[in-house]
Amino acid sequence: MRNKYIVLAVIAVVGLGVGFFGGMRYGQSKNSGLVIGQGQQRGQFGNSMMGSIRGANDMGLVSGDIISKDSTSLTIKLRDGGSKIVLLPGTVEISKFISGNTNDLEINKTVTITGKTNTDGSITAQTIQIRPVIPSPSPTLVK
57 MRNKYIVLAV IAVVGLGVGF FGGMRYGQSK NSGLVIGQGQ QRGQFGNSMM GSIRGANDMG
117 LVSGDIISKD STSLTIKLRD GGSKIVLLPG TVEISKFISG NTNDLEINKT VTITGKTNTD
177 GSITAQTIQI RPVIPSPSPT LVK
């Protein structure tokens, strides 16, 4: 009788393992297009929230400082020192903590942008959030 329980327990553990492995493989196949953009590291959203992520559905997310601006595009400085061009269609939604417009997009402002990634690597913006700069906490010495 005891051997019967041991066999059932082994079968249950093997079944759970196979189910877990199958679920992991299925999840990987659904997320296979998610890559960290151009050498960025995980944990890239630090104090100034800079970086770039490109999703499987060609949705782009860019966060960094505006280093250049004209009437149709922004250039964003990324955390890794690179940059990303963001196109500004007339339909882009720009917000601060209240609604904003293209006049609010200024050099050295920190922004987070979502949009569609183009074939040339630029992003056509759908939303832009102007972010406040979050100061780094100063380390304190303990005596």
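When the letters of the sequence shown are read in order and numbered with the working numbering, they come out as residues 57 to 199. Beta carbons: idealized from backbone N, C-alpha and C, even for Gly. Predicted model only: the values in this text are computed from it and were never measured.
Rounded C-alpha distance that separates residue i from residue j
i    : j    : result
G93  : L161 : Here the model assigns G93 a pLDDT of 40, short of 50, so the residue's position is not dependable and the matter cannot be decided.
D121 : D176 : 21 Å
I169 : V142 : 8 Å
A134 : I163 : The sequence shown places Leu at residue 134, rather than the Ala named in the question. For L134 and I163, the distance between alpha carbons rounds to 14 Å.
T131 : G71  : 52 Å
D126 : F76  : 51 Å
V118 : G79  : 31 Å
G171 : Y61  : 56 Å
S129 : S139 : 13 Å
V66  : N59  : 10 Å
D136 : V69  : 45 Å
Assigned secondary structure, residue i (DSSP; H/G/I helix, E/B strand, else coil)
i    : result
K125 : strand
V118 : strand
K152 : coil
T158 : helix
I163 : coil
R187 : strand
L134 : coil
G71  : helix
G171 : strand
L64  : helix
8 Å Cβ cutoff met for residue i and residue j
i    : j    : result
I179 : V167 : no
T158 : G116 : no
I186 : K165 : yes
With 16 other Cβ atoms within 10 Å as the buried cut-off, status of residue i
i    : result
V148 : buried
A181 : buried
L64  : exposed
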